[in-house]
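Residue numbers (the numbering used here): 1098 to 1303.
The beta-carbon is built from N, C-alpha and C at its ideal position, and this holds for glycine as well.
Structure first, commentary second.
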Amino acid sequence: MESLAFEDISLKTDEVPDLQFFDTTDGDELGYRHYPASSEENVLILLHGSGYHSAYLSPLATHLATEGAAHVYTPDLRGHGAETESRGSADYIGQVEDDVKHFITHIRQNHEEASIFLGGHSSGGGTAIRFAGGEHEQDLSGYMLIAPYIHHDAPTNQADDDAWSNRIFRGSLAWISVICSVLVYLTISMSFHSICPPVCEMARKH
């Protein structure tokens, strides 16, 4: 089974915001990037997939913030990122969700009146789904899922394991430009709450 060639991803590092840090409940520091927007109405916390870190979400996050759709925050999840001390691991089941909950609380301090949305790509989308259905669900205004990884038998996966890893990732990158266009249009004509259904419907038709 081929692994995802994350080392082949080309990023313009001068356009990626510097890492900021927040303290977790167990005393660790986790990094995140902030893409500021002109409007204070919406905040999107966007979770990356496994095996890499938040930098690859920069094109999408930059576009959303530049168009004024939302302030976008992209945290490096526990066990990921250049600054992590223990790669790919957590101390207990549910610790990542605990981190997300704490990060939402941290971000809300700077956006007390904003609607906060949680989104994710690949396993980050799976994390968002678990968060939505678990004990950590807070007063979030909605969720945005990009090719979420749910489980190995989910209909969102390819039947061929080799095709799964490559098609999900490449397809997700291709959809980023489509999603950006839809998001910009929708934020002009309706509230941010209505983003997910039209995007999902478009995906089903293709």
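Distance check for residue j and residue i, CA to CA, integer angstroms please.
| i | j | result |
| --- | --- | --- |
| Asp1115 | Pro1172 | 12 Å |
| Thr1202 | Gln1117 | 16 Å |
| His1199 | His1208 | 15 Å |
| Leu1143 | Asp1123 | 22 Å |
| Thr1224 | Glu1194 | 7 Å |
| Glu1137 | Thr1159 | 16 Å |
| Met1241 | Ala1167 | 13 Å |
| Ser1147 | Glu1232 | 23 Å |
| Gly1221 | His1249 | 15 Å |
| Gln1192 | Thr1121 | 10 Å |
| Thr1163 | Asp1125 | 31 Å |
| Gly1165 | Pro1133 | 9 Å |
Could you give the C-beta distance for residue i and residue j, rounded to a whole number, given that I count them as a contact under 8 Å?
| i | j | result |
| --- | --- | --- |
| Leu1174 | His1145 | 7 Å |
| Pro1245 | Ser1219 | 7 Å |
| Tyr1129 | Ser1155 | Contact flag wrong, Cβ pair sits at about 13 Å. |
How far does the alpha helix (DSSP H) with residue i in it reach, from first residue to last?
| i | result |
| --- | --- |
| Asp1196 | Gln1192 to Arg1205 |
For residue i versus residue j, is the C-beta spacing smaller than 9 Å?
| i | j | result |
| --- | --- | --- |
| Ser1238 | Ile1204 | no |
| Ala1226 | Ile1247 | Sequence check: residue 1226 is Ile here, not Ala. A contact, by the Cβ cut-off of 9 Å. |
| Val1113 | Val1140 | no |
From which residue to which residue does the beta strand (DSSP E) around residue i run?
| i | result |
| --- | --- |
| Leu1305 | Residue 1305 falls outside the range modelled here, since the chain spans only 1098 to 1303, and no answer is possible. |
| Asp1125 | Segment: none, Asp1125 is in no beta strand (DSSP E) and carries neither H nor E. |
Only counting runs of 3 or more residues, tell me where the beta strand (DSSP E) segments fall wholly within the segment 1225-1255, in order along the chain.
Counting whole runs of 3 or more residues, the segment 1225-1255 contains the beta strand (DSSP E) stretches 1239-1243.
For a minimum of 4 consecutive residues, which ranges assigned as the alpha helix (DSSP H) are wholly contained in the segment 1132-1172?
Runs found: 1155-1163.
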